[in-house]
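Take a look at the structure below.
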Amino acid sequence: MSLTHYDAINWNQVSDMIDKATWEKLTEQFWLDTRIPVSNDLDDWRQLDDDHKWVVGHVFGGLTLLDTLQSEEGLKALKENVQTQHETAVLNNIQFMESVHAKSYSTIFSTLNTPDEIDEIFEWSDSQEFLQNKAIKIGNLYLDANTDPLKKKVANVFLETFLFYSGFYTPLYYLGHNQLNNVAEIIKLILRDESVHGTYIGYKFQVGMRQLSEKQQQDMKDWLYNFLYDLYDNEEKYTHMLYDQVGWTEEVLTFIRYNANKALMNLGQDPLFPDTSSDVNPIVMNGISTTTSNHDFFSQVGNGYRLGEVEAMNDDDYHVARPNSDKDLNDKE
Ligand SMILES: [Fe+2]
Ligand SMILES: [Fe+2]
Numbered sequence: 049m050s051l052t053h054y055d056a057i058n059w060n061q062v063s064d065m066i067d068k069a070t071w072e073k074l075t076e077q078f079w080l081d082t083r084i085p086v087s088n089d090l091d092d093w094r095q096l097d098d099d100h101k102w103v104v105g106h107v108f109g110g111l112t113l114l115d116t117l118q119s120e121e122g123l124k125a126l127k128e129n130v131q132t133q134h135e136t137a138v139l140n141n142i143q144f145m146e147s148v149h150a151k152s153y154s155t156i157f158s159t160l161n162t163p164d165e166i167d168e169i170f171e172w173s174d175s176q177e178f179l180q181n182k183a184i185k186i187g188n189l190y191l192d193a194n195t196d197p198l199k200k201k202v203a204n205v206f207l208e209t210f211l212f213y214s215g216f217y218t219p220l221y222y223l224g225h226n227q228l229n230n231v232a233e234i235i236k237l238i239l240r241d242e243s244v245h246g247t248y249i250g251y252k253f254q255v256g257m258r259q260l261s262e263k264q265q266q267d268m269k270d271w272l273y274n275f276l277y278d279l280y281d282n283e284e285k286y287t288h289m290l291y292d293q294v295g296w297t298e299e300v301l302t303f304i305r306y307n308a309n310k311a312l313m314n315l316g317q318d319p320l321f322p323d324t325s326s327d328v329n330p331i332v333m334n335g336i337s338t339t340t341s342n343h344d345f346f347s348q349v350g351n352g353y354r355l356g357e358v359e360a361m362n363d364d365d366y367h368v369a370r371p372n373s374d375k376d377l378n379d380k381e
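Dropping the structure here:
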């Protein structure tokens, strides 16, 4: 294929307002791991026994692998089939944030873990059977050029809204107990991003579904529920392997079934499991719902992170640097 022309992206003519709204939401909630003072959690960390420390470290190892997959393959796969240029711009934003997510676990490791422990966690992530299973099941859909583009969206949403939550459970549990609050803050910022990502990609899936025949829609539904069962089957094993030693397995499974239903909801589908938010450990739901917390006055970073107030430029804004014109400087608000 050779180009005969190329179109400039025009943000003054947006055909799908969801693209624009999502761009605005995601850019407003931009954050960086380096601004969260994780070292403030060291006292809490030292109080944990070895089993619980192991769970925390390896849960984050698992999450690192999944965010790596998203940043390297997941969004790239989606960008191959966009409806609008603005969708590409949104997916670029998401892809970069996935790299921030993947990096932020290393920020946590470097604060809480020794170099040897970090090496062991990465060796584990790169070889653990059930963790690798999920990366491979999802990654193969991304990498196969013949995969239906809608199935790539399903894989993305299942990863973002379902498969991450066996890992998110741990920091939310500690947050609910008022422990490891800064670690949890990073996770809540990630969670807030994933929530927008899952909703947006799920919406694009639903737009695509509406263009299919009834028969094609039914085939897609059959496929996605089967895929979800398959992923859940593996997720059960993963959860036992991680959590049996601390006795949390059953409540983590409730939590991931609840999130599997949310993934289905993002895709416009009916829930599969009977679990609702009232079945989830209230301490964990409490962890999710804690409101704005800013860590320090200067960075204003927290899940209530806000950009400075923005106002439109006017002619006066250009007068500030003019020599011998103190009036302009002093008269400004
Ligand atoms: Fe992510
Ligand atoms: Fe994401």
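Once you know that position 167 of the sequence shown is 215 in the working numbering, the rest is easy, because the numbers rise by one and skip nothing. The beta-carbon is built from N, C-alpha and C at its ideal position, and this holds for glycine as well. On a predicted model such as this, the values are computed, not experimentally measured, just so you know.
**Report entry** Cβ pair V86, T162 closer than 9 Å
**Finding:** If you check the CB distance, V86 and T162 do not come in under 9 Å.
Query - Length of the line joining the Cα atoms of E208 and S50 - result: Note on geometry: alpha-carbon atoms of E208 and S50 lie some 35 Å from one another.
Query - Uninterrupted alpha helix (DSSP H) stretches inside the segment 116-141 (no shorter than 4 residues) - result: Within the segment 116-141, the complete alpha helix (DSSP H) runs of at least 4 residues are 123-127.
Report task. Mind checking which residues open and close the alpha helix (DSSP H) that includes D174? Result -> Counting along the chain, D174 falls outside any alpha helix (DSSP H), and DSSP gives it neither H nor E.
**Report entry** D55 classed as buried or exposed, judged by whether at least 16 other C-beta atoms fall within 10 angstroms
**Finding:** With fewer than 16 other CB atoms across the displayed protein chains lying within 10 angstroms of its CB, D55 is exposed.
Requested in this report: Ignore the nearest five residues each way along the sequence and tell me which others in S325's own chain have a CB closer than 7 Å to its CB.
Outcome: Y306, M333.
Query raised in the report: Considering only residues of the same chain and omitting the five flanking positions on each side of S243, which have a CB-CB separation below 6 Å?
Result: Correct list: empty, nothing qualifies.
**Report entry** Whole-number beta carbon distance between Y286 and S214, since they are thought to touch under 8 Å
**Finding:** Yes, S214 and Y286 are in contact; Cβ-Cβ is about 6 Å, under 8 Å.
Query raised in the report: Do three or more CB pairs link the segment 191-205 to the segment 249-259 at distances below 8 Å?
Result: With a cut-off of 8 Å, the segment 249-259 and the segment 191-205 count as touching, because enough Cβ pairs lie within range.
Requested in this report: Please classify A193: is it buried, with 16 or more other beta-carbons within 10 angstroms of its beta-carbon, or exposed?
Outcome: By the 10 Å Cβ count, A193 comes out exposed.
Query - Closest by C-alpha distance to L290, when choosing among Q265, G110, D81, K68 - result: Considering only alpha carbons, the answer is G110.
Query - Test: A56 CB closer than 9 Å to a CB of chain B - result: Absent here is chain B; the protein component of the structure consists of one chain.
Query raised in the report: For the alpha helix (DSSP H) that contains L228, what are its first and last residues?
Result: Here L228 belongs to no alpha helix (DSSP H), and DSSP marks it neither H nor E.
Query raised in the report: F346 to D92, Cα distance in whole Å?
Result: Here the model assigns F346 a pLDDT of 34, short of 50, so the residue's position is not dependable, and the following value carries that caveat. In a straight line, the C-alpha of F346 is about 25 Å away from that of D92.
Query - Contacts around V130, its chain only, beta-carbon distance under 8 Å, and the 5 residues preceding and following it disregarded - result: The answer, listed in chain order, is T136, L139.
Query - E120 versus D327: straight-line alpha-carbon distance, rounded - result: Approximately 35 Å between the Cα atoms of the pair.
Report task. Pull up the CB-CB distance for S152 and D81, whole angstroms please, since I reckon it's below 8 Å. Result -> S152 to D81, Cβ: 3 Å. Contact.
Query - Residue range of the unbroken alpha helix (DSSP H) whose run includes A69 - result: Run containing A69: 65-76, per the alpha helix (DSSP H) assignment.
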